[in-house]
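Student:
Shown next, in the form of structure tokens:
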């Protein structure tokens with residue numbers, strides 16, 4: 016196992032979860048439907064837990080977790096909030112966008128597990144696989160809700 020490589024890998028996954036948190040914060044602003052707001056809040060909390068777990072593992076290896084607030088995130092978030100208020104998004108649009116975002120997160124986890132197998136301990140592989148499975152469940156839930164719109 017290469018600790019430096021492991022730290023880089025985990026920090027990349029922290030960034031993926033940071034992005035996911037922002038996506039669900041924005042989605043919560045865009046929708047007015049309480050069932051979606053509750054779901055998005057649940058998904059956001061999941062990524063906050065994942066981020067915390069990953070940061071703890073980085074620190075155990077003597078690394079420094081990536082800064083959770085990038086300097087330009089304030090402006091990106093401000094623009095996304097402004098845009099979200101201007102754009103009239105319906106339930107189907109929101110779910111389709113989020114299904115794609117979930118797919119990207121799952122793909123990143125799969126690639127990380129495949130490409131970095133030799134750089135991760137068994138314990139880390141278990142944590143990452145567990146996180147990937149929960150992300151897959153979130154994706155499936157969003158996809159199912161989107162598919163119901165087509166019925």
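In my numbering, the protein residues as written are 16 to 166.
Just so it is clear, CB atoms sit at the ideal spot from N, CA and C, and this is done for glycine as well.
1. Short check: CB of residue 32 to CB of residue 65, under 8 Å?
2. For residue 61 and residue 52, which I take to be in contact (beta-carbon distance under 8 Å), what is that distance rounded to the nearest angstrom?
3. Assign residue 79 to one of three DSSP states: helix, strand, or coil.
4. On the three-state DSSP scale, how would you describe residue 164?
5. Grab the span of the alpha helix (DSSP H) containing residue 118 for me, first residue to last.
6. Can you tell which of 148, 159, 124 has the C-alpha that lies nearest to the C-alpha of residue 1?
7. Three-state secondary structure (DSSP) at residue 136?
8. Just tell me which of 21, 23, 117, 81 has its CA closest to the CA of residue 55.
9. Would you report the Cα separation of residue 153 and residue 159, rounded to the nearest angstrom?
10. Between which two residues does the alpha helix (DSSP H) containing residue 43 stretch?
11. Quick one: what does DSSP say residue 63 is sitting in, helix, strand or coil?
Tutor: According to the data block:
1. Yes.
2. That pair is no contact at about 15 Å.
3. The DSSP-derived three-state label of residue 79 is coil.
4. Taken through DSSP and simplified to helix, strand or coil, residue 164 comes out as helix.
5. Taken as a continuous stretch (DSSP letters only), the alpha helix (DSSP H) holding residue 118 covers 106-130.
6. Because residue 1 is not part of the residues shown, which for the chain are 16 to 166, the question remains open.
7. In this structure, DSSP gives residue 136 a state outside helix and strand, which the three-state scheme calls coil.
8. Residue 117 holds the alpha-carbon nearest to the alpha-carbon of residue 55 among 21, 23, 117, 81.
9. Spanning the two alpha carbons is a distance of roughly 10 Å.
10. Its alpha helix (DSSP H) spans residues 18-45.
11. Residue 63 carries a helical assignment under DSSP once its states are collapsed to helix, strand and coil.
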